[in-house]
Every structure is written in structure tokens, then in C-alpha cells.
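All letters in the sequence shown, in the order written, are residues 3 to 319 by this note's numbering.
C-beta atoms are modelled at their ideal positions from N, C-alpha and C, and glycine is treated no differently.
Structure first, then comments.
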Amino acid sequence: MSEVLVLVEHVEGQIKKVTLELLTLARRLGAPSAVWTGPGYSADAKAKLAEHGAEKIYVADSADIADYVVAPKVDLLQQLVSSASPAAVLVAATAEAKEIAGRLAVRTDSGVLTDVVGLEEGAVADQSIFGGGVNVRSRVTKGIPIIAVRPNAVPVEAAAGAGAEEQVSVAVSEAAKTAKVVERVKEEKGARPELTEAAIVVSGGRGVGSAENFSIIEKLADSLGAAVGASRAATDAGWYPHQFQVGQTGKTVSPQLYIAAGISGAIQHRAGMQTAKTIVVVNKDPEAPIFEIADFGVVGDLNQVIPQLTEEIAKRK
3 MSEVLVLVEH VEGQIKKVTL ELLTLARRLG APSAVWTGPG YSADAKAKLA
53 EHGAEKIYVA DSADIADYVV APKVDLLQQL VSSASPAAVL VAATAEAKEI
103 AGRLAVRTDS GVLTDVVGLE EGAVADQSIF GGGVNVRSRV TKGIPIIAVR
153 PNAVPVEAAA GAGAEEQVSV AVSEAAKTAK VVERVKEEKG ARPELTEAAI
203 VVSGGRGVGS AENFSIIEKL ADSLGAAVGA SRAATDAGWY PHQFQVGQTG
253 KTVSPQLYIA AGISGAIQHR AGMQTAKTIV VVNKDPEAPI FEIADFGVVG
303 DLNQVIPQLT EEIAKRK
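Below, the structure written as C-alpha cells:
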């Protein structure tokens with residue numbers, strides 16, 4: 003069975019959930035081989051990767067890989083593609099990993115698919131394209147398929163793998179050293195899950211009315227253990243920080259449940275969330291475009307509906 007390379011996403015040695023999703027998908031194509039880059043590798047990390055299906059773990063824990071921007075990881079993956087001849091390479095559809103995928107595709111003369119939300123045997127991918135306006139099924143016809151998968155595209159399924167460890171060294175080229183990481187600033191995180199990996203997202207838009215009113219959105223999110231998102235109109239107005247913007251020019255999310263409150267549903271916003279499994283809309287305008295993609299909708303004032311919903315959820319706990 004051919005190997006399928008999976009680029010591990012981790013922060014300070016903590017493996018991100020999207021990596022486990024990639025390992026789940028990789029088993030449909032071949033034998034998953036996790037590729038660890040940079041410092042932080044540990045026995046716990048090895049056990050977690052093996053628990054979720056990694057038959058082999060390539061470990062390149064040199065600080066050089068993390069000290070330079072993107073290119074060293076491309077060097078490493080190119081080296082592994084040459085030596086292992088994998089059936090495919092899977093990465094997360096993050097800003098950095100999509101750049102890695104594009105560069106790797108050029109270097110290996112291969113096809114690349116981005117923002118994939120489903121993957122079947124034969125590396126046939128489901129994609130949401132043209133700003134979320136069209137859903138297509140695609141397959142790479144040249145070289146090694148390089149596939150960037152959206153977080154939350156599939157549920158994580160554990161399946162024990164051998165977890166055979168192989169240390170890998172890569173000579174970072176001079177060209178790869180032209181962009182160096184000079185500083186890292188740790189962002190303070192609250193109790194809420196990360197937006198792109200959250201199973202539930204509650205987003206507010208122009209209809210929220212003010213920055214102060216976003217507390218209504220936050221209270222509902224906290225009652226559900228959800229992440230908070232916002233439309234571009236809300237972030238441009240300064241009501242919520244830009245890093246929480248959901249949409250074509252913000253974050254792309256695919257949660258199990260997406261609650262949109264006071265969001266009209268411009269195509270820019272829909273492109274970032276319409277692959278959510280269940281979409282619930284609260285809007286006082288019955289003609290709002292977002293109702294077209296809603297699974298459930300409430301026509302009403304969010305300032306009345308959302309607090310009632312939060313109260314009902316609290317009663318059931």
C-alpha cells in the first residue's frame with residue numbers, strides 16, 4: 003500500500019485537531035505517514051499520531067525548519083516525495099500550508115487542490131469554489147496529488163497505526179533562508195475554541211448593532227462551548243476584532259453547527275461558512291439571502307431571540 007504524507011500541524015508540540023482529520027482521510031488513499039516539522043516532538047505526540055492511524059512518522063525536528071518561513075518545509079516534503087513516491091500529500095487548508103502546497107506542486111510538477119471538504123478513494127475531492135457558489139468534484143491528473151483540506155471537513159476516527167519513527171534531516175537551501183522568523187508573539191487565548199477548528203461557531207453581523215451588543219453573541223457561544231465569529235461588516239465597523247472575521251477575506255470555517263445572527267448573507271460571507279454541516283439563521287429580514295442556505299431560520303430581532311435561546315440552553319444543563 004502506498005504512503006500518504008500528512009503534514010502535521012502543531013503548536014509547541016500540541017497536535018492540532020485538523021491533523022487527526024487528515025490522518026482519517028489519508029487512510030482512504032493508502033498508509034498514512036505523518037511528517038513532523040520543527041521542535042516539540044515527544045513520546046506523547048508519537049502516541050497520538052499512532053493512535054489515529056500513522057503507520058510511519060517522519061521526524062524533522064531541527065530548529066532550522068521553524069526559523070525560516072515556509073520554504074524549509076517545502077524542501078523537506080520535496081525530499082520525501084522523491085524518496086517515498088507517495089500516493090498523495092495532505093495538508094491543512096491554512097494560509098501557511100496552502101502556500102506550502104502551491105510551492106510543492108510547482109517543484110514536483112504536480113497538481114494541487116485547495117479548500118477540499120471531502121475526499122474519496124482515488125483521491126477524488128469535493129471542493130467549494132468561486133466564492134462558495136459552485137461545488138465540484140475534482141481529481142489531480144498530473145504528478146502526485148497535493149491536497150489542502152479545510153479543518154472540520156470530516157469527523158476524527160481513531161485507528162491504531164504502527165507509528166514507526168524515522169528521523170529525517172534536510173539541508174535548508176540558501177534560497178530558503180531569505181525570509182527568517184525574527185520574533186514570535188504568543189496570542190492570549192481565552193476559554194473558547196479556535197475559530198477554524200471549533201465544532202460550533204456563533205457569528206454576529208451588522209444586525210448586532212454595536213460592539214457592546216456583541217456580548218449577546220458571546221454569551222450564546224459560551225453556553226454552547228462555541229467559538230465567536232463576525233461578518234466583515236461587523237469587523238470593519240470595529241465591533242469585533244478582524245481575526246474573528248468569517249468570509250472570503252477572513253477565516254473559512256466548516257463546523258458541525260453555524261449560527262448566524264444579524265448577517266444578511268453576502269456572497270463574501272457565505273464563501274467562508276456555507277460548508278457547515280448545519281446552519282441556523284436569526285435575521286429580522288425574511289428576504290435576507292442567507293436564508294437560502296439555512297437549515298433552520300428564525301425571522302425576528304436577534305436582541306430578543308438570542309437571549310431567549312441562551313436562557314433555554316442554560317435550563318437544559
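- One thing to note: Ile59 has its Cβ within 8 Å of the Cβ of Ala36.
- The C-alpha of Ser175 is placed about 34 Å away from the C-alpha of Gln129.
- A distance below 8 Å separates the beta carbons of Val204 and Ala223.
- Pairwise C-beta distances place the region 199-216 out of contact with the region 98-114, as fewer than three of them are shorter than 8 Å.
- Contact annotation, Lys286 with Gly299: C-beta distance approximately 11 Å; criterion of less than 8 Å not satisfied.
- Taking Met3 as the centre and dropping the five residues before and after it, the same chain places the C-beta of Gly32 and Ala33 closer than 8 Å to its C-beta, in chain order.
- The beta carbons of Val126 and Arg109 sit no closer together than 8 Å.
- With contacts defined as CB atoms closer than 8 Å, Thr280 and Arg152 fail to qualify as a contacting pair.
- The DSSP-derived three-state label of Lys182 is strand.
- Residue environment analysis places Glu185 among the exposed positions, since fewer than 16 neighbouring C-beta atoms fall within 10 angstroms of its C-beta.
- For Leu121, DSSP records a beta bridge to Ala127.
- Distance check between Leu79 and each of Glu159, Gly252, Ala173 and Thr116 places Ala173 closest, using alpha-carbon atoms only.
- For Glu23, the uninterrupted alpha helix (DSSP H) run begins and ends at Lys19 to Ala28, by DSSP.
- In the displayed model, Gly206 falls within a strand according to three-state DSSP.
- As a beta-bridge residue in DSSP terms, Thr280 pairs with Leu259.
- In this structure, Thr39 keeps its C-beta atom at 8 Å or more from the C-beta atom of Ala56.
- Per DSSP, reduced to three states, the secondary structure at Glu314 is helical.
- Restricting attention to beta strand (DSSP E) runs no shorter than 3 residues, the region 35-106 encloses them at 58-62 and 90-94, ordered along the chain.
- Around the beta carbon of Pro88, 16 or more other beta carbons lie within 10 angstroms, which makes this residue buried.
- Separation of Glu123 and Asn154 (C-alpha to C-alpha, rounded to the nearest whole angstrom) is 19 Å.
- DSSP places Arg272 in the helix class (H, G or I) of the three-state scheme.
- As computed with DSSP, Gly299 is found in a beta bridge with Val283.
- Contact annotation, Ala268 with Ile219: C-beta distance approximately 18 Å; criterion of less than 8 Å not satisfied.
- Nearest neighbour of Ala52 by Cα position, chosen from Arg29, Ile148 and Ser64, turns out to be Arg29.
- CA-to-CA, the gap between Leu304 and Val284 works out to about 6 Å.
- Just measuring C-alpha positions, the residue of Lys319, Gly252 and Ala316 sitting nearest Thr96 is Gly252.
- The C-beta of Gln306 has fewer than 16 other C-beta atoms within 10 Å across all chains shown, which makes the residue exposed.
- In the structure shown, Ile265 adopts coil according to DSSP, grouped into three states.
- DSSP places Glu167 inside the beta strand (DSSP E), whose first and last residues are Ala166 to Gln169.
- Val156 has its alpha-carbon roughly 29 Å from the corresponding atom of Ile67.
- Put simply, the backbone Cα of Ser212 is about 6 Å away from that of Trp241.
- Only residues of its own chain outside the window of five on either side were considered, and among them Asn154, Ala200, Ala201, Ile202, Val203 and Ala278 have a CB closer than 6 Å to the CB of Pro257, listed in chain order.
- Burial of Pro147 is indicated by the presence of at least 16 other C-beta atoms within 10 angstroms of its C-beta.
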